[in-house]
Amino acid sequence: MDLTESRKENNASTVTQFVLLGFSDLPNLQGFLFGMFSIMYLIILIGNGFIIVITRIDPALHKPMYFFLANFSSLEICYVSVTLPRILYNIGTQNRNISKLACATQTCFFLMLGATECFLLAVMSYDRYVAICNPLQYPLVMNSFKCIQLAAGSWLGGIPVQIGQTCQIFSLHFCSSNQINHFFCDLPPILKLACGNTFVNELSVYLVAILFAAFPFMLILASYSKIIATILMLPTATGQTKAFSTCSSHLLVIFLFFGSAAVTYSRTKSTHSPETDKLFSLFYTIVTPMFNPLIYSLRNKDVIAALRKLLIGKKNKLLCTNF
1 MDLTESRKEN NASTVTQFVL LGFSDLPNLQ GFLFGMFSIM YLIILIGNGF
51 IIVITRIDPA LHKPMYFFLA NFSSLEICYV SVTLPRILYN IGTQNRNISK
101 LACATQTCFF LMLGATECFL LAVMSYDRYV AICNPLQYPL VMNSFKCIQL
151 AAGSWLGGIP VQIGQTCQIF SLHFCSSNQI NHFFCDLPPI LKLACGNTFV
201 NELSVYLVAI LFAAFPFMLI LASYSKIIAT ILMLPTATGQ TKAFSTCSSH
251 LLVIFLFFGS AAVTYSRTKS THSPETDKLF SLFYTIVTPM FNPLIYSLRN
301 KDVIAALRKL LIGKKNKLLC TNF
């Protein structure tokens, strides 16, 4: 079967359809991979969905911190749904074709949601900064209107630039091959297929990464440097431990997301290794969204208390129904 559709244009063969190789180099593990990714997808949907529901129904969690956490869980569901269903489809059907338009659409949504994640992590760190460093002003600064503004800005802020970047990348000629050695349409493996000099395109990727990843990360570092300094000045060890516990979950998520993404996007086209790209991409596209509910729920006393209250309420309701 011919997997390439092409036309002659300016003496170059321009690819109009791609092939996502994904994990095709592991033919004996296709069934295992399909099962593993299906389970991971269910865990992500159920875990993040649980956080969204419990922060809505429990009045004790109607606070800015949990408002942003619910937004973050909603984002993780959207973020992983851009890539995982396509992975499952490719493995299940063994049909790895994807049109150029579908590939560009996947890339665009992936970049927009990735920018949202960077902004939202920065907003969550700002929320912790105000709560710990300026506790008396916290209700005034982080009022409901301000929280909605910050959340909306995080969701919408990256859309225009990422649409422009996607159009720029996919306007290139892809003449050498149509095989993307990756499990989704990510920028590094796509740029590797482009003809000619892609220096300007690589430069634009770095500039956008600085704007939407490095800049939020610097804000996070600034927030946490002041947070840590404030915590260390607390008079009791108990107070320090409590303050650190409220931030440790967020810091762990930041390390997983920014660390793996930085390795993938900070290298030049010539130094990219498909196997390394796949490994690190798995972290920030699938592994981090899967562990987020566990990180935030198991390390958060308020969420655990809300869960106990929910389970006890359901148990009592069931007992009353039986009697």
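Going by full-length UniProt numbering, the final residue of the sequence shown carries number 323, and the count climbs one at a time with no gaps. Cβ atoms here follow ideal geometry from the backbone N, Cα and C, with glycine treated the same way. Since this is a predicted model, take the numbers as computed values, not measurements.
Whether residue i touches residue j by CB criterion (8 Å)
| i | j | result |
| --- | --- | --- |
| A104 | T166 | yes |
| L203 | S177 | no |
| P216 | A122 | yes |
| C78 | A213 | no |
| Q179 | L111 | no |
| I295 | S249 | yes |
| F37 | K100 | no |
| N143 | I169 | no |
Same chain only: Cβ atoms within 8 Å of residue i, ignoring 5 sequence neighbours per side
| i | result |
| --- | --- |
| L29 | F23 |
| Y89 | N95 |
| S281 | H182, F183, F184, D186, S260 and T264 |
Residue i (DSSP reduced to helix, strand or coil)
| i | result |
| --- | --- |
| Q179 | strand |
| V82 | coil |
| S24 | coil |
| F18 | strand |
| S171 | coil |
| N97 | strand |
| P189 | helix |
| H250 | helix |
| G259 | helix |
| Q137 | coil |
| F110 | helix |
| L310 | helix |
| F244 | helix |
Presumed contact (8 Å Cβ cut-off) between residue i and residue j, rounded CB distance
| i | j | result |
| --- | --- | --- |
| P289 | I44 | 5 Å |
| T285 | C185 | About 12 Å separates the two Cβ atoms, so there is no contact after all. |
| S154 | L113 | Not a contact, Cβ separation roughly 11 Å. |
| Y129 | I227 | 6 Å |
| C147 | F174 | Not confirmed; about 43 Å, so no contact. |
Neighbour flag for residue i against chain B, beta carbons, 8 Å
| i | result |
| --- | --- |
| L203 | No chain B appears in the structure shown, which is made up of a single protein chain. |
Same chain, Cβ closer than 6 Å to residue i, neighbours up to 5 away in sequence not counted
| i | result |
| --- | --- |
| E9 | Its pLDDT being 43, under 50, E9 is placed unreliably by the model, and the measurement read from it follows with that caveat. Nothing meets the Cβ criterion. |
| I304 | none |
Cβ-based neighbour list, residue i, same chain, cut-off 7 Å, excluding 5 preceding and 5 following
| i | result |
| --- | --- |
| L84 | F37, Y41 and I286 |
| G127 | For the record, residue 127 in the displayed sequence is Asp; it is not Gly. P64, M65, F68 and M142, listed in sequence order. |
| I254 | L121 and I220 |
**Report entry** At least three beta-carbon pairs within less than 8 Å, the region 219-226 to the region 47-67
**Finding:** no
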